[in-house]
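Read through the structure below, which is laid out as structure tokens, and then see the notes.
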Amino acid sequence: MLPLELLPGRVVALILLLCVSGMRAETTRYSVTEEAERGSFVANIAKDWGLTGEELSVSFTNISDHASVFLNKKIVLKIPESAMPEAQFFLESAQDPEVGNNSLQHYIISSNDSFQIYTWRWSDGRRYAKLVLDRALEWEQQAEVDLSVTAVDGGSPPCSGTALIRVVVLDINDNVPVFTHSLYKVQVLENSTEDTPVVVVSANDLDSGTNGEIAYSIIPSSEGNHQTFKINPEVGQIRLNKPVDYEETKTYKIDIQATDGGGLFMHCKVEVQVEDVKDNAPEVISEAPAGTSLGRLTATDTNMGKNAHVRYSMGLLPPGVLAAVSFVSMDVESGTMQALCPLDYEDVHAFEVEVWAVNTGSLPLSTQAVLHVVRASTKNGCAARSPR
């Protein structure tokens, strides 16, 4: 009789190799339930094989019928993207009830570009796995990496158990904000009131969380331009902080800073050109001599080539109206107006000039406007002249 207490640990199946003098070796298989207690009856070998009380040699062979098991089927590793290649990360060991060569022998990992796996052995004989980083991780390229790890025993055929590994890449603040434009050019009318929108600047940051959050600010300057404008720190919208005057400042240059939640920042420039609004009447110096430039008329044509060439002229006035051409002339090509005779303040008052702009296309097109210039008497000897 073979008592169970002779067996080490749990036994599910036994193979008995019987060697008897003068007989060939025989093999017999016995099964034992896992729940059997120590000392339980297993087999009567002498009876089963028809043996007498001669000395027997019995060997027990453990069959590998248990696969290695991961207690946690889903393993989560959080690794910062700052981790350097060759960094090591311990994995939970798989459990294997087998002993000897039938127990857990090594680990393998699914094919990937980022990690390798190595099998190490504790002092008590248990084997564990280390995940080794092959190349640096980039959160911006891949925020998560999914792998599978398999624990393999030494049985024939081998048994194995598998668990899933999810590597969560932790973002670090390794990206500075980037503006969509390094220079923004905009215009604003000089009669614009306080709080008038000017422009919206925008920057992007590839980092996540607070590292990717951007705050906008105006950098103070010695010219004091930052006092004329204000900016919404969250959306980057720039508005007037006070009215602007073309006669005082024609162009404002502002430096804008975008700062992320980790303290990294980038700059851009905003150039604001103030557009003049007709809020001042033209002035001519008293007793201006003949030939004094009174101004220049400019017309634009959206045609191309010769069809876009513009010529200027002054039109006829109704009978009985003092002709402006008696006092001023206009250059046909440039549109420049000049005084034909001295203009004295006591003798000069406001008057109107009708002007024409005509292009040089095969079918000329024209436009007309009335300029409010001066009205003059003829007592200085300038005879009224009809336009040519």
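Letter by letter, the sequence shown follows residues -25 to -1, 1 to 363 of mature numbering (1 follows the signal peptide of the UniProt record, and there is no 0).
For every residue, glycine included, the Cβ atom is placed at its ideal position computed from N, Cα and C.
Local Cβ density within 10 Å of residue i, reported as buried at 16 or more and exposed below that
i      : result
ASP235 : buried
ASP146 : buried
TYR93  : exposed
ASP99  : exposed
GLY130 : buried
SER337 : exposed
GLY184 : exposed
PHE16  : exposed
Continuous beta strand (DSSP E) stretch holding residue i: start and end
i      : result
ASP230 : 226 to 235
TRP97  : Element bounds for TRP97: n/a, residue is neither H nor E.
LYS48  : Per DSSP, LYS48 belongs to no beta strand (DSSP E) and is neither H nor E.
LYS22  : From DSSP, LYS22 is part of no beta strand (DSSP E) but of the alpha helix (DSSP H) over 20 to 24.
MET289 : 285 to 289
PHE65  : 63 to 65
GLN128 : Before going further, note that residue 128 is Asp rather than Gln in the sequence given. Where ASP128 is concerned, the enclosing beta strand (DSSP E) stretches over 119 to 128.
PHE240 : 240 to 250
MET305 : 303 to 305
HIS81  : 79 to 84
Reference residue i; option with closest CA among the options
i      : options                        : result
ASN148 : TRP95, ASP182, SER98, ALA332   : ASP182
ASP220 : THR168, ILE54, MET305          : THR168
ILE189 : VAL153, GLY310, THR311, SER157 : VAL153
GLU115 : ASN186, LEU164, ARG286, GLU12  : ASN186
VAL330 : TRP95, THR226, SER309          : SER309
GLY199 : VAL51, ALA104, LYS217, GLU209  : LYS217
GLU246 : GLY238, VAL252, ASP230         : ASP230
VAL307 : VAL285, LEU315, PRO317, ARG110 : VAL285
VAL161 : ARG110, PRO60, GLY290, GLU250  : GLU250
GLU223 : TYR5, GLN248, ILE213           : GLN248
GLY270 : ASP170, ASN76, ARG102, GLN313  : GLN313
Residues of its chain near residue i, where Cβ-Cβ distance is below 6 Å and the 5 sequence neighbours each way are ignored
i      : result
SER123 : SER85, THR137, LEU139
GLN232 : SER192, ILE194, PHE240, HIS242
ALA62  : LEU108
Own chain residues within Cβ distance below 7 Å of residue i, not counting five before or after
i      : result
HIS156 : CYS243
ALA332 : ALA274, VAL285, TYR287, SER341, THR342
Straight-line Cα distance separating residue j from residue i
i       : j      : result
ALA58   : LEU112 : 7 Å
SER(-5) : SER43  : Its pLDDT being 48, under 50, SER(-5) is placed unreliably by the model, and the measurement read from it follows with that caveat. SER(-5) and SER43: Cα-Cα distance of roughly 40 Å.
SER135  : LYS48  : 13 Å
TYR159  : PHE204 : 15 Å
LYS281  : MET289 : 22 Å
VAL7    : ALA18  : 10 Å
PRO60   : LYS105 : 14 Å
Cβ shell of residue i (< 8 Å), same chain only, five flanking positions each side left out
i      : result
ASN87  : VAL120, LEU122
VAL143 : VAL51, LEU52, LYS53, ILE54, ALA118, GLU119
VAL252 : LEU164, GLU165, ASN166, TYR221
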